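Each remark here refers to the structure printed beneath this line.
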Amino acid sequence: MTSHASSVSIEQMLSQVCQLLALDTRLVLGAARLTEQDCKSVMEPRHYFDLYNAVQQVFDRTHGAVGFEATLAREYAKGPYLTPTLACSAAPDLRTGLDRLARYKPLIAPVTMEVRAEGDTVQICMASQFDDLTMPQSMALFEMLFILETAAILTGAPVVPQAIVLPDGAGGQAAVTACGLEVTCTTGEPALVLSKADAQRGLLTANPVLWATLEPTLEAELRAKVGRGITTERLADELARALPDGVITADELACRMGLSKRSLQRKLQNEGTTFQEVLNETRSNLAQSYLRGSGMSVAEISHQLGFRSVSSFFRNFQAWAGMTPRAFRENRQAE
-19 MTSHASSVSI
-9 EQMLSQVCQL
1 LALDTRLVLG
11 AARLTEQDCK
21 SVMEPRHYFD
31 LYNAVQQVFD
41 RTHGAVGFEA
51 TLAREYAKGP
61 YLTPTLACSA
71 APDLRTGLDR
81 LARYKPLIAP
91 VTMEVRAEGD
101 TVQICMASQF
111 DDLTMPQSMA
121 LFEMLFILET
131 AAILTGAPVV
141 PQAIVLPDGA
151 GGQAAVTACG
161 LEVTCTTGEP
171 ALVLSKADAQ
181 RGLLTANPVL
191 WATLEPTLEA
201 ELRAKVGRGI
211 TTERLADELA
221 RALPDGVITA
231 DELACRMGLS
241 KRSLQRKLQN
251 EGTTFQEVLN
261 ETRSNLAQSY
271 LRGSGMSVAE
281 ISHQLGFRSV
291 SSFFRNFQAW
301 AGMTPRAFRE
311 NRQAE
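With the numbering used here applied, the sequence shown covers -19 to 315.
Given below as structure tokens:
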């Protein structure tokens, strides 16, 4: 139904949101120009944003056009928790919980989260997964407020942000002030800035046993939902061309792809993989292809794959295939 790498099923979430905000689901669907049947199927990411905007429109008409983001964040933080949020709650500290939430965010929304340390702060950056779709500013603010509400519940104390960044800083400041936050809102890509001390807070709900149960399921869902995404395929293709030239760093490959290193890493994370994983898989696939279908020597294959030494290629190939390159070639010739 969609040409994008991932899609979002939202019937349950829409039902929960409408119940939490005392809204008529039919009015929301009408505002979004969608049917109940549309929500039962896997929906295109743009419809996710359409539905969010529709929820806000119906809320404003029903309850007044003030405090939508704060109300939704406050009510949603009370539960029921979706699995990625549950994984966050089981973490030993807030930073670890945010990292988990960022990793599994694609399971519940066409949104990416990136958590990174910047000096004495931790920044939670968010954006649409897709370059041709813009995340509504109101949604970005809701996501930030939801994190703050959830963090307060999980740590047992309010978490006051250092700053909030939104595309429309002036409009964002008015919305932030309306939410009761005394914090500066600046203009830029959506980001929530926390102090490092707050990010290091322990969680009252830390539960390693629960996490051990959740992680395998979440990882399997991520692999099934995201699959091998567009950026992963592009990177693998670019690597195949670049490896013979010894080009194997994320900086160099990102430049070839017309991306920043950070952008490349974010897109790969969204697709459930990393640069190193794609590099290893590409090298392994190419090595096996060369050993099966060419007369190239091991030294020549090693060079084609960008290894600095044949011994390094040997070690890596044994880790990938469980045998030496020579044994692999002999086994295939005997088949």
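Note that beta-carbon positions come from the ideal geometry of N, C-alpha and C, so glycine has one too. Only a predicted model underlies this, so the values are computations on that prediction, with no experimental measurement involved.
The segment 59 to 78 makes contact with the segment 123 to 135, as at least three CB pairs between them are under 8 Å. Rounded to the nearest whole angstrom, the CA to CA distance from T65 to K58 is 11 Å.
Annotation note: the segment 2 to 70 contains the following uninterrupted alpha helix (DSSP H) runs of length 4 or greater, listed N- to C-terminal: 5 to 12, 16 to 20, 25 to 43, 48 to 57, 63 to 69.
Contact between L1 and L52 holds: CB atoms are separated by about 7 Å, below the 8 Å threshold. If the five residues before and after D178 are omitted, its C-beta is found closer than 6 Å to the C-beta atoms of V139, all from its own chain and listed in chain order. Nearest to N33 by C-alpha distance, out of F126, S118, P60, is S118.
For M124, DSSP records no beta bridge to any residue.
Under the Cβ criterion (8 Å, minimum of three pairs), the segment 86 to 106 counts as touching the segment 175 to 193. Look at the beta carbons and you see the segment 208 to 222 touching the segment 251 to 258: at least three pairs across the two are nearer than 8 Å. The DSSP assignment places 91 to 98, 101 to 108 as complete runs of the beta strand (DSSP E) inside the segment 84 to 117, in order along the chain (cut-off: 3 residues). Ranking A171, L14, E16, Q(-1) by CA distance to the CA of E55 puts Q(-1) first. Straight-line measurement puts the Cα of L219 at about 40 Å from the Cα of L125. Of all alpha-carbon atoms in E257, S264, R6, R312, the one lying nearest the alpha-carbon of G273 is that of R312. Excluding sequence positions up to five before and after F48, its CB lies within less than 6 Å of the CB of Q36, F39, all in the same chain and listed in chain order.
DSSP, reduced to helix, strand and coil, places D73 within a strand of the structure shown. One alpha carbon belongs to D231, the other to K241, and they sit about 5 Å apart. DSSP, read as helix, strand or coil, puts I281 in helix.
With at least 16 other beta carbons inside 10 angstroms of its own, M106 counts as buried. The C-alpha of P72 lies about 53 Å from the C-alpha of G275. Here P170 is actually not in contact with F110; their C-beta atoms are around 15 Å apart, not less than 8 Å.
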